[in-house]
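Peer 1:
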Amino acid sequence: AWVEGQEPLFIHASEHRQIQSVLDWVETNASKVVLVGGRDAWKSAHRLADLKVPVVYEHTFTLPQDDTASYDVQFTAPSILYRAGVKVIFSEGSNRFAASAVRNLPYAAAQAAAFGLPEDEAMKGITRYPAEVLGMGHRIGSLKTGMEASLVTLNGPLLDIRSQVTHMWIKGQPVSLESRHTRLYEKYRKRPKVPER
C-alpha cells in the first residue's frame, strides 16, 4: 500500500549520509516516508521540510557523535527541525528494549521544550503527530468531539517530571491506578511518626 502512497514507509536512518540517501530516494519515489531515528536530521532540516518528511526523533538523550558538535545538539535538534517546518515525533527507540522506555516520552518532549521547541509542539510530538503519521489522526491524538477519549489528568504540567497521573481513561472508560506500589505507599504513609527526642 505504501507504493501507492496510501501508507507511510518508515525508514530508519540516523547518520547524515544515511539521511541524505533516504531523501535522494524520496525525491525519485513519490511515496510517503517517515524518517525514524534522525540523530543528524537537523543537518538536513530544510530538505526534510521541503519533501514533507516527518521525523520520529529517538535521540533526545543521546550524546553527540561528532567531536565538534555542541554538547546540547541532540537537545536542540527538535527545535531546529520545527523551525524548518518538520513535524517532530518523539520516541525512545525502536529496538526490543524501547517498550519499557515509553514512559519517558514526556521527558524527551520536555527536554526539547527546554532547549527551544515550543511547548505546544512538544505536546503534539507525543500526542497528535504520532496519530496523524499512523493514519489514525481522525480517531486519536487530539481532544475533539467524536474521537476516542484515551487520556490522563495530572497534578501538574505533562512536561514536568514532578507531575503525577491522577486519573486515566482508555476509550472513555476509567482505569484504576491502584497497584501494589500504590497500596504499599498508602499503607506505610499512615504509619505513626517516631517521636522526636
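Numbering (the numbering used here), first residue to last: 129 to 325. Each residue gets a CB set at the ideal place from its N, CA and C atoms; glycine is no exception. Since this is a predicted model, take the numbers as computed values, not measurements.
Can you tell which of Val181, Val261, Glu247 has the C-alpha that lies nearest to the C-alpha of Tyr235?
Peer 2: In the sequence shown, counting from the first residue as 1, residue 235 sits at position 107. Of Val181, Val261, Glu247, the residue nearest in Cα terms is Glu247.
Peer 1: If we cut at 8 Å on Cβ distances, does Pro302 have a partner in chain B?
Peer 2: Among the chains in the structure shown there is no chain B, since it carries only a single protein chain.
Peer 1: Label Pro285 either buried or exposed according to how many other C-beta atoms from any shown protein chain fall within 10 Å of its C-beta, with 16 as the threshold for buried.
Peer 2: To locate residue 285, count along the sequence shown from 1; it is residue 157. Per the 10 Å Cβ criterion, exposed.
Peer 1: Rounded C-beta distance between Phe243 and Thr294? I'm assuming under 8 Å.
Peer 2: On the sequence shown, position 115 is the one that residue 243 refers to. On the sequence shown, position 166 is the one that residue 294 refers to. Contact flag wrong, Cβ pair sits at about 28 Å.
Peer 1: Using 7 Å as the cut-off, classify the Cβ of Ala259 as near or not near the heavy atoms of the ligand ADP, replying yes or no.
Peer 2: This structure does not include the ligand ADP; it has no bound ligands of any sort.
Peer 1: List the whole-angstrom C-beta distance separating Gly265 from Thr255, where the pair is believed to meet the contact cut-off of C-beta under 8 Å.
Peer 2: The residue you call residue 265 lines up with position 137 of the sequence shown. The residue you call residue 255 lines up with position 127 of the sequence shown. With a Cβ gap of about 10 Å, Gly265 and Thr255 do not count as contacting.
Peer 1: Mind checking Glu326: buried by the 16 CB within 10 Å criterion, or exposed?
Peer 2: Any property of residue 326 remains undetermined from this structure, which presents the chain solely from 129 to 325.
Peer 1: By DSSP, does Thr156 sit in helix, in strand, or in coil?
Peer 2: Looking up residue 156 in the sequence shown gives position 28. Of the three classes helix, strand and coil, the one that applies to Thr156 here is helix, per DSSP.
Peer 1: So, is Val303 buried or exposed, given that buried needs 16 or more other C-beta atoms within 10 angstroms?
Peer 2: Here the question's residue 303 lines up with position 175 in the sequence shown. Val303 should be labelled exposed.
Peer 1: Helix, strand or coil for His144, going by three-state DSSP, please let me know.
Peer 2: Counting from one through the sequence shown, the residue named residue 144 turns up at place 16. DSSP places His144 in helix when its eight states are reduced to three.
Peer 1: Kindly indicate the opening and closing residues of the alpha helix (DSSP H) around Phe203.
Peer 2: In the sequence shown, counting from the first residue as 1, residue 203 sits at position 75. Its alpha helix (DSSP H) spans residues 201-212.
Peer 1: Are the CB atoms of Leu137 and Val164 within a distance shorter than 8 Å?
Peer 2: As a first step, residue 164 is located in the sequence shown; it is residue number 36 there, counting from the start. As a first step, residue 137 is located in the sequence shown; it is residue number 9 there, counting from the start. In this structure, Leu137 does not lie closer than 8 Å to Val164 by Cβ.
Peer 1: To the nearest angstrom, how far is it from the Cα of Leu282 to the Cα of Ala229?
Peer 2: Counting from one through the sequence shown, the residue named residue 282 turns up at place 154. Counting from one through the sequence shown, the residue named residue 229 turns up at place 101. Rounded to the nearest angstrom, the two C-alpha atoms are 19 Å apart.
Peer 1: If contacts are defined as beta-carbon pairs under 8 Å, then Pro182 and Val261 qualify, I think. What distance do you get, rounded to the angstrom?
Peer 2: By 1-based counting over the sequence shown, the position of residue 182 is 54. By 1-based counting over the sequence shown, the position of residue 261 is 133. About 6 Å separates the two Cβ atoms, so the contact holds.
Peer 1: Put Lys295 into one of helix, strand or coil per three-state DSSP.
Peer 2: The residue given as residue 295 occupies position 167 in the sequence shown. According to the sequence provided, residue 295 is His. The question's Lys does not apply to it. Residue state, collapsed to three classes: strand.
Peer 1: Which word fits Gly213, buried or exposed, when buried means at least 16 other C-beta atoms lie within 10 angstroms of its C-beta?
Peer 2: Position 85 of the sequence shown holds residue 213. Exposed: under 16 other Cβ atoms inside 10 Å.
Peer 1: Would you tell me roughly how many angstroms separate the C-alpha atoms of Gln146 and Phe225, rounded to the nearest one?
Peer 2: Taking the sequence shown and counting its residues from 1, one reaches residue 146 at position 18. Taking the sequence shown and counting its residues from 1, one reaches residue 225 at position 97. Rounded to whole angstroms, Gln146 to Phe225 spans 23 Å at the Cα level.
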